Structure formats: structure tokens, C-alpha cells
Amino acid sequence: RKEVEQDPGPFNVPEGATVAFNCTYSNSASQSFFWYRQDCRKEPKLLMSVYSSGNEDGRFTAQLNRASQYISLLIRDSKLSDSATYLCVVPDSGGYNKLIFGAGTRLAVHP
Amino acid sequence: NAGVTQTPKFQVLKTGQSMTLQCAQDMNHNSMYWYRQDPGMGLRLIYYSASEGTTDKGEVPNGYNVSRLNKREFSLRLESAAPSQTSVYFCASSEVTFSPLHFGNGTRLTVT
Chain X
1 RKEVEQDPGP FNVPEGATVA FNCTYSNSAS QSFFWYRQDC RKEPKLLMSV
51 YSSGNEDGRF TAQLNRASQY ISLLIRDSKL SDSATYLCVV PDSGGYNKLI
101 FGAGTRLAVH P
Chain D
1001 NAGVTQTPKF QVLKTGQSMT LQCAQDMNHN SMYWYRQDPG MGLRLIYYSA
1051 SEGTTDKGEV PNGYNVSRLN KREFSLRLES AAPSQTSVYF CASSEVTFSP
1101 LHFGNGTRLT VT
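Below is the structure:
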């Protein structure tokens, strides 16, 4: 299994829809996870940190399933401005002090 | 608050030329990183520095060298550029390893 895997999408959804992305990881010892958002030709920006079972911030909810080794990102009431690529980030399993990025899931919200 | 500053924003090199990408952060972070991003590949770690005075290889270190000049600055050097190094390069910093990363705006490098 790859360190971290994401469905590349694209997910095309109408405004107001609820959409969910999953991210699977291989390091069962991982304690901290992150979701980043990246707009086209811009740098990644932190969206949410996930340290325990989950985290909620407004329309965004991140959940962690340790047994199945995946994290999910749920976006409710999608806005046009949510269109971006969402990157899942997990700690490296090789014992090195670094984070591994997934290739990202692209979301396109249309009117 | 500038955060993470990278220079230059754009660069075109010929094969075999050398250059250094500069990165500085003003958040008093201990850890700094260099990533490259290619279409369909996601972000791949080139080198990182867990703390001042240490540097370690990441996933794709070949063809690159780094210097952690001080706590603020972490530079990436291409000694002899190759077309395969055409990419977008991001510098990032974090308070400690495994804490959230803060990225610079990126450097778009083209090697012809």
C-alpha cells in the first residue's frame, strides 16, 4: 500500500451539495493528520488538523478511522469558492521526521 | 507578518547551469522543508531540516543540495540543472516536525 492514497477526482458538484473525500494511509502508528487546500498555481494552505477521532470547522468536517486507516473530509453546502484540490497529509512511516502528501483530490463546484 | 518568503518566483535555466533558491521564515519555526510539485505527482519532499544545524534527504534528493544557514533560512541549490528538474518548488516551515506546514508562494523553474 502506498503511504497515502487519494481519489484524484475530479468531483463535479453543484452549489449547495455535500461532498466527501477519503484518504487511506499505511502508517498505523500515525497520530496527526492534516487536510490542505491548494488553489490552481498557488501554495497549499492548511485547512484542518486531525489529531483524534475528528474535527469540525464550520462547513468542514474531518473524521479519522484508525481501524480502517483512513481519514475523510466532508464539505457541506458547497460554495463556488470551495473549488480547489484537497491534499491529505500523514506522517511518514519510515521513522523519519516528515510528512507525506497525497496527490490530491480535485473538487469543482458549479452553479 | 511575511511568513515564508521564497525567491525567485520564476526562473529559466539552461541545462548545466546552477542556481540557488532562497527561503526565509519569520515565525521562529524549528523545521524547514523543500518540496517539488509536478503534475499528477503531488508534493514530493526533496530535503528537510528538522532543526537548525541538521539536514536530511527526503524522497527525491538527487541533483540537489541544501544549506540551513541559520534558524530562519534554508536554501536549495541545483548544481547542474537538468530538464527533469523543471517543476514548481515550495519551501515550507513548521514549529516542529509533524506540526502543520506553512508554505511559501513557490518558485516556477524551467530548465531547457
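Residue numbers (my numbering), protein chains in the order written: chain X, 1 to 111; chain D, 1001 to 1112.
Yeah, the Cβ is synthetic: ideal placement off N, Cα and C, and Gly gets one too.
The model shown is predicted, which means the values in this text are computed figures rather than measured ones.
*By how many angstroms is the C-alpha of D/His1102 removed from the C-alpha of X/Leu46?*
Residue mapping note: residue 46 of chain X aligns to position 46 of the first sequence, counting from 1. Residue mapping note: residue 1102 of chain D aligns to position 102 of the second sequence, counting from 1. Near 8 Å, if we compare the C-alpha coordinates of D/His1102 and X/Leu46.
_I'd like to know if X/Pro14 contacts chain D, where contact means its C-beta is closer than 8 Å to some C-beta of that chain._
In the first sequence, the residue the question calls residue 14 of chain X occupies position 14. So no, X/Pro14 is outside the interface.
*Which stretch, first to last residue, makes up the beta strand (DSSP E) that contains D/Val1012?*
Within the second sequence, numbered from 1, the residue matching residue 1012 of chain D stands at position 12. It spans Phe1010 to Leu1013 - the beta strand (DSSP E) in which D/Val1012 sits, taken as one unbroken run.
*Flag X/Pro10 as yes if its beta-carbon sits less than 8 Å from any beta-carbon of chain D, otherwise no.*
Sequence index remark: in the first sequence, residue 10 of chain X carries index 10 (1-based). Cβ-Cβ to chain D under 8 Å: no for X/Pro10.
_Selection from X/Ala62, X/Val50, X/Ile75 and X/Leu87 that minimises the alpha carbon distance to D/Gly1040_ = As a working mapping, residue 1040 of chain D is identified with position 40 in the second sequence. Considering only alpha carbons, the answer is X/Leu87.
*asked:* Tell me which residues share the same chain as X/Ser83 and place their Cβ nearer than 7 Å to its Cβ, disregarding the 5 neighbours each side in the sequence.
replied: Walking along the first sequence from the start, residue 83 of chain X turns up at place 83. Excluding residues within five positions, the ones whose Cβ falls inside 7 Å are Leu107, Ala108 and Val109.
*Check whether the Cβ of X/Ala20 lies closer than 7 Å to any heavy atom of the ligand ADP, and answer yes or no.*
Of ligands this structure carries none, so the ligand ADP is not represented either.
*Indicate whether the contact test is met: 3 or more Cβ pairs, each with one atom in the segment 1074-1082 of chain D and one in the segment 1018-1025 of chain D, closer than 8 Å.*
yes
*May I ask you to report which of helix, strand or coil DSSP gives X/Ser72?*
As a first step, residue 72 of chain X is located in the first sequence; it is residue number 72 there, counting from the start. Note: X/Ser72 maps to strand in three-state DSSP.
*Would X/Tyr36 be called buried (16 or more neighbouring beta carbons within 10 Å of its own) or exposed?*
Counting from one through the first sequence, the residue named residue 36 of chain X turns up at place 36. X/Tyr36 comes out buried.
*Specify the secondary structure class of D/Gln1017 as computed by DSSP and reduced to three states.*
For this step, residue 1017 of chain D is matched to residue 17 along the second sequence. Coil at D/Gln1017, not helix or strand.
_Residues of chain D with CB closer than 7 Å to the CB of X/Ala62, please, in chain order._
For the purposes of this step, residue 62 of chain X is taken as residue 62 along the first sequence, with counting starting at 1. Here the premise fails: no neighbours, minimum Cβ distance about 13 Å.
*asked:* I need the DSSP call for D/Pro1083, collapsed to helix, strand or coil.
replied: Working through the second sequence from its first residue, we reach residue 1083 of chain D at position 83. Of the three classes helix, strand and coil, the one that applies to D/Pro1083 here is helix, per DSSP.
*How would you call D/Leu1013, buried or exposed, if buried means at least 16 neighbouring beta carbons within 10 angstroms?*
Along the second sequence, read from residue 1 onward, the residue named residue 1013 of chain D stands at position 13. Buried: at least 16 other Cβ atoms inside 10 Å.
*Spatial neighbours of X/Phe33 in its chain, beta-carbon cut-off 6 Å, leaving aside the 5 residues before and after*: Position 33 of the first sequence, counting from 1, holds the residue named residue 33 of chain X. Around X/Phe33: Val50, Ile71 and Val90.
*Looking at the structure shown, is X/Leu80 part of a helix, part of a strand, or coil, going by DSSP?*
Mapped onto the first sequence, residue 80 of chain X falls at position 80. The answer is helix: DSSP assigns X/Leu80 an H, G or I state.
*Enumerate in chain order the residues of its own chain whose CB-to-CB distance from D/Gly1063 is below 7 Å, with the five nearest sequence positions on each side excluded.*
Position 63 of the second sequence, counted from the first residue, corresponds to residue 1063 of chain D. The residues are Leu1078, Ala1082 and Gln1085.
_If distances are taken between C-alpha atoms only, which option among D/Pro1008, D/Val1088, D/Gly1042 and D/Gly1104 comes closest to X/Pro8?_
As a position in the first sequence, residue 8 of chain X is number 8, starting the count at 1. The candidate whose alpha carbon is nearest that of X/Pro8 is D/Gly1042.
*asked:* If the criterion is Cβ atoms closer than 8 Å, does the pair D/Gly1106 and X/Glu43 meet it?
replied: Working through the second sequence from its first residue, we reach residue 1106 of chain D at position 106. Working through the first sequence from its first residue, we reach residue 43 of chain X at position 43. Yes, the pair counts as a contact, with Cβ atoms nearer than the cut-off.
*Does X/Leu107 have its Cβ less than 8 Å from a Cβ in chain D?*
By one-based count along the first sequence, residue 107 of chain X stands at place 107. No, X/Leu107 lies away from the interface with chain D (no Cβ there is under 8 Å from its Cβ).
*Any C-beta of chain D under 8 Å from that of X/Lys98*: Here residue 98 of chain X is taken as the residue at index 98 of the first sequence, counted from 1. Closer than 8 Å: yes.
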